[in-house]
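Participant: My questions will all concern the structure given below.
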Amino acid sequence: MSYNVNEKGYYGEFGGAFIPEMLYPNVEELRQNYLKIMAEPDFQKEFNQLLKNYVGRPSPLYFATRLSEKYNTKIYLKREDLNHTGAHKINNTIGQILMAKRLGKHRIIAETGAGQHGVATATVCALMGLECIVYMGEIDIARQAPNVARMKMLGATVVPATSGSKTLKDATNEAIRDWIRNPVDTHYIIGSVVGPHPYPDMVARFQSVVSDEIKWQLQEQEGRENPDYVVACVGGGSNAAGAYYHFLEDETVKLIAVEAAGLGVDSGESAATSILGREGIIHGSKTLLMQSNDGQITEPYSISAGLDYPGVGPMHAHLYKSSRAEFIAITDDDAMTAGLDLCKLEGIIPAIESSHALAVFEKKTFKSEDIVVLSLSGRGDKDLETYIKHFKL
Numbered sequence: 056m057s058y059n060v061n062e063k064g065y066y067g068e069f070g071g072a073f074i075p076e077m078l079y080p081n082v083e084e085l086r087q088n089y090l091k092i093m094a095e096p097d098f099q100k101e102f103n104q105l106l107k108n109y110v111g112r113p114s115p116l117y118f119a120t121r122l123s124e125k126y127n128t129k130i131y132l133k134r135e136d137l138n139h140t141g142a143h144k145i146n147n148t149i150g151q152i153l154m155a156k157r158l159g160k161h162r163i164i165a166e167t168g169a170g171q172h173g174v175a176t177a178t179v180c181a182l183m184g185l186e187c188i189v190y191m192g193e194i195d196i197a198r199q200a201p202n203v204a205r206m207k208m209l210g211a212t213v214v215p216a217t218s219g220s221k222t223l224k225d226a227t228n229e230a231i232r233d234w235i236r237n238p239v240d241t242h243y244i245i246g247s248v249v250g251p252h253p254y255p256d257m258v259a260r261f262q263s264v265v266s267d268e269i270k271w272q273l274q275e276q277e278g279r280e281n282p283d284y285v286v287a288c289v290g291g292g293s294n295a296a297g298a299y300y301h302f303l304e305d306e307t308v309k310l311i312a313v314e315a316a317g318l319g320v321d322s323g324e325s326a327a328t329s330i331l332g333r334e335g336i337i338h339g340s341k342t343l344l345m346q347s348n349d350g351q352i353t354e355p356y357s358i359s360a361g362l363d364y365p366g367v368g369p370m371h372a373h374l375y376k377s378s379r380a381e382f383i384a385i386t387d388d389d390a391m392t393a394g395l396d397l398c399k400l401e402g403i404i405p406a407i408e409s410s411h412a413l414a415v416f417e418k419k420t421f422k423s424e425d426i427v428v429l430s431l432s433g434r435g436d437k438d439l440e441t442y443i444k445h446f447k448l
């Protein structure tokens, strides 16, 4: 069985491009050109130079000594939090802005939940001198105020999504409406491995730099390319897709995907899509989706603004359905405790998204000789307010 996308845009039974006719030309233009453009030597050169000299890659693979001692296993943190803009999101936006330029687009739209993708998009638009419009749920705008300010400082227009749950799903709906209205000059930079084909595959390829680096960094430090486990949090799933990418077909490397259980999987306030979801279509792809009996999307909840998406990318739906990856759901409280733990043990303040992944060590026992690589997908500056409230700091 293959875990990569097939030529029709599917991962197993998930994926595809379920889009309104009005969007067909935009998506088709991208589908026909993305692999060709990515393979061009001058594209590769520009992309790699920007990752090195602008983003600050490679990001360190850090052996977390005290965390490893606590859990009696070898824990390496892939420090995506040290990238320019503070998360893995910038890897993809650099790639997509270069793609947009080569397709002759000069207006960029994006959606954002936690604001990290919005900041990364606004950053690359400033870098390339392109107009930037970011759609963001009204609730997320309130809880991620520093990131909203950053986007505005970088020259982006932030448009609130005021319908539905006023979070990521609704911001995505608004961005898609904009794209339908502006099909010719606009490129939509989707921030995760979601949306119609070719987006999940394109975003995963831009993020695959993460697992590419893990392989040679682990070779340097441990004398072997492959860890025993790769752990990453999953909302839509772009940081996980990047961390898993070069290990997908090698089943000796076990994959652990961590979702947000919110107040508890069965509490009605959760975002554990794999457990609660059924097959459905959201934002142009067939995937696992939290929905009511009559197919209406149910509202997800998580303390983390980046994990409360009601679906999951089609790659991850396939990894779940095929049992290639183990999915674990972590509650708000457990995630917050794990985040504070990392601060005190390693002097690193993680994003709450990443804290969900860190909480796995309380849920699962690893062998002392296991090498566990965890994608620290973002830094916690944006979440200080939430940490302060939660712990009454």
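In my numbering, the protein residues as written are 56 to 448. All C-beta atoms in this analysis are idealised placements derived from N, C-alpha and C, irrespective of residue type, glycine included.
Keeping to the same chain, check which residues put their C-beta closer than 6 Å to that of residue 106; ignore five residues upstream and five downstream.
Facilitator: Your numbering for residue 106 matches position 51 in the sequence shown. Contacts found: 112.
Participant: Out of 93, 130, 356 and 119, which has the shortest C-alpha to C-alpha gap to residue 424?
Facilitator: Sequence index remark: in the sequence shown, residue 424 carries index 369 (1-based). Of the listed residues, the one whose Cα sits closest to residue 424 is 130.
Participant: Can you tell me whether residue 121 is helix, strand or coil according to DSSP?
Facilitator: Position 66 of the sequence shown, counted from the first residue, corresponds to residue 121. If DSSP states are grouped into helix, strand and coil, residue 121 belongs with the helices.
Participant: Return the chain-ordered ranges of every alpha helix (DSSP H) run that is complete within the segment 136-210 and spans a minimum of 4 residues.
Facilitator: Counting only runs of 4 or more, we get 144-157, 171-183, 193-198 and 200-208.
Participant: Can we say the segment 420-439 touches the segment 151-165, given the rule of at least three CB pairs closer than 8 Å?
Facilitator: No: fewer than three Cβ pairs fall under 8 Å.
Participant: Would you check if there are 3 or more beta carbon pairs closer than 8 Å linking the segment 302-318 to the segment 367-387?
Facilitator: Yes, since at least three Cβ pairs between the segment 302-318 and the segment 367-387 fall closer than 8 Å, the two stretches touch.
Participant: What is the rounded straight-line gap between the Cα of residue 404 and the Cα of residue 435?
Facilitator: Here residue 404 corresponds to residue number 349 of the sequence shown, with the count starting at 1. Here residue 435 corresponds to residue number 380 of the sequence shown, with the count starting at 1. Computed Cα separation, rounded: 5 Å.
Participant: Over the uninterrupted beta strand (DSSP E) stretch that includes residue 232, give me the two end residues.
Facilitator: For the purposes of this step, residue 232 is taken as residue 177 along the sequence shown, with counting starting at 1. Run containing residue 232: none in the beta strand (DSSP E); it sits in the alpha helix (DSSP H), 223-236.
Participant: Give me, in chain order, the residues of the same chain whose beta-carbon lies closer than 6 Å to that of residue 327; leave out the 5 immediate sequence neighbours on both sides.
Facilitator: Taking the first residue of the sequence shown as position 1, residue 327 is located at position 272. Only 314, 316, 320 and 384 meet the Cβ criterion.
Participant: Specify, as a first and last residue, the run of the alpha helix (DSSP H) that residue 260 falls within.
Facilitator: Sequence index remark: in the sequence shown, residue 260 carries index 205 (1-based). That run of the alpha helix (DSSP H) goes 254-262.
Participant: Leaving out five residues before and five after residue 132 in sequence, what residues of the same chain have Cβ atoms less than 6 Å from its Cβ?
Facilitator: Against the sequence shown, residue 132 aligns to sequence position 77. Result list for residue 132: 117, 119, 429 and 431, in chain order.
Participant: Are the beta-carbon atoms of residue 252 and residue 366 separated by less than 8 Å?
Facilitator: The residue given as residue 252 occupies position 197 in the sequence shown. The residue given as residue 366 occupies position 311 in the sequence shown. Their beta carbons are not under 8 Å apart, which means residue 252 does not touch residue 366 by this criterion.
Participant: I need the DSSP call for residue 445, collapsed to helix, strand or coil.
Facilitator: Here residue 445 is taken as the residue at index 390 of the sequence shown, counted from 1. Correct three-state label for residue 445: helix.
Participant: If you measure between the beta carbons of residue 114 and residue 137, is that distance less than 8 Å?
Facilitator: Locating residue 114 in the sequence shown gives position 59, counting from the first residue. Locating residue 137 in the sequence shown gives position 82, counting from the first residue. For residue 114 and residue 137, yes; Cβs fall inside 8 Å.
Participant: Rounded to the nearest angstrom, what separates residue 64 and residue 285 at their Cα positions?
Facilitator: Here residue 64 refers to the residue found at position 9 of the sequence shown. Here residue 285 refers to the residue found at position 230 of the sequence shown. Taking the straight line from one Cα to the other gives about 25 Å.
Participant: Compare the Cα-Cα distances from residue 195 to each of 400, 357 and 90 and report the closest residue.
Facilitator: Taking the first residue of the sequence shown as position 1, residue 195 is located at position 140. Closest option to residue 195, Cα to Cα, is 357.
Participant: Can you tell me whether residue 79 is buried or exposed, with buried defined as 16 or more other CB within 10 angstroms of its CB?
Facilitator: If you number the sequence shown from 1, residue 79 lands on position 24. When all chains shown are included, residue 79 counts as exposed.
Participant: How big is the Cα-Cα spacing for residue 475 and residue 152?
Facilitator: The displayed coordinates of the chain run from 56 to 448. Any statement about residue 475 would go beyond what the structure contains.
Participant: Kindly indicate which residue of 307, 185, 308 and 381 has the alpha-carbon position closest to the one of residue 329.
Facilitator: As a working mapping, residue 329 is identified with position 274 in the sequence shown. Here the closest residue by C-alpha is 381.
Participant: Could you pull the DSSP bridge partners for residue 434 from this structure?
Facilitator: Position 379 of the sequence shown holds residue 434. DSSP output for residue 434 lists 405 as bridge partner(s).
Participant: Start and end of the beta strand (DSSP E) containing residue 382?
Facilitator: Mapped onto the sequence shown, residue 382 falls at position 327. First-last of the beta strand (DSSP E) with residue 382: 380-386.
Participant: Can you tell me which of the three DSSP states residue 300 falls into?
Facilitator: Against the sequence shown, residue 300 aligns to sequence position 245. Three-state result, residue 300: helix.
Participant: Return the Cβ separation of residue 298 and residue 289 in integer angstroms, given the expectation that the two are a contact with Cβ distance under 8 Å.
Facilitator: Numbered from 1 along the sequence shown, position 243 holds the residue referred to as residue 298. Numbered from 1 along the sequence shown, position 234 holds the residue referred to as residue 289. Not quite, the Cβ-Cβ distance comes to about 10 Å (not below 8 Å), so this is no contact.
Participant: Can you grab the Cα-Cα spacing for the pair residue 58 / residue 303, in whole Å?
Facilitator: On the sequence shown, position 3 is the one that residue 58 refers to. On the sequence shown, position 248 is the one that residue 303 refers to. So the alpha carbons of these two residues sit roughly 6 Å apart.
Participant: Over what stretch of residues does the beta strand (DSSP E) that includes residue 216 continue unbroken?
Facilitator: In the sequence shown, counting from the first residue as 1, residue 216 sits at position 161. That run of the beta strand (DSSP E) goes 212-216.
Participant: When the Cβ atoms of the segment 194-209 are set against those of the segment 218-230, are three or more pairs found closer than 8 Å?
Facilitator: The segment 194-209 is in contact with the segment 218-230.
Participant: Classify residue 72 as buried or exposed, calling it buried when 16 or more other Cβ atoms lie within 10 Å of its own Cβ.
Facilitator: As a first step, residue 72 is located in the sequence shown; it is residue number 17 there, counting from the start. Result: buried.
Participant: Which residue's Cα is closest to the Cα of residue 263: 144, 109 and 393?
Facilitator: Mapped onto the sequence shown, residue 263 falls at position 208. Checked all of 144, 109 and 393; the closest Cα to residue 263 is 144.
Participant: Round the Cβ separation of residue 150 and residue 363 to the nearest angstrom and send it over; I've been treating them as touching at under 8 Å.
Facilitator: As a position in the sequence shown, residue 150 is number 95, starting the count at 1. As a position in the sequence shown, residue 363 is number 308, starting the count at 1. Contact flag wrong, Cβ pair sits at about 25 Å.
Participant: Could you give the first and the last residue of the continuous beta strand (DSSP E) run that contains residue 334?
Facilitator: As a first step, residue 334 must be located in the sequence shown, where it is residue number 279. Note, residue 334: beta strand (DSSP E), 333-337.
Participant: If we ignore side chains and look at the alpha-carbon of each, how far apart do residue 438 and residue 444 end up?
Facilitator: As a first step, residue 438 is located in the sequence shown; it is residue number 383 there, counting from the start. As a first step, residue 444 is located in the sequence shown; it is residue number 389 there, counting from the start. Approximately 10 Å between the Cα atoms of the pair.
Participant: Provide the residue span of the beta strand (DSSP E) that contains residue 315, from first to last.
Facilitator: Counting from one through the sequence shown, the residue named residue 315 turns up at place 260. Start and end: 309-317.
Participant: Looking at the secondary structure, which residues open and close the alpha helix (DSSP H) in which residue 74 lies?
Facilitator: Position 19 of the sequence shown, counted from the start, is the residue given in the question as residue 74. Residue 74 -> no alpha helix (DSSP H), and no H or E assigned at all.
Participant: Which term fits residue 110, buried or exposed, when burial requires 16 or more other beta carbons within 10 angstroms of its beta carbon?
Facilitator: Here residue 110 refers to the residue found at position 55 of the sequence shown. Result: buried.
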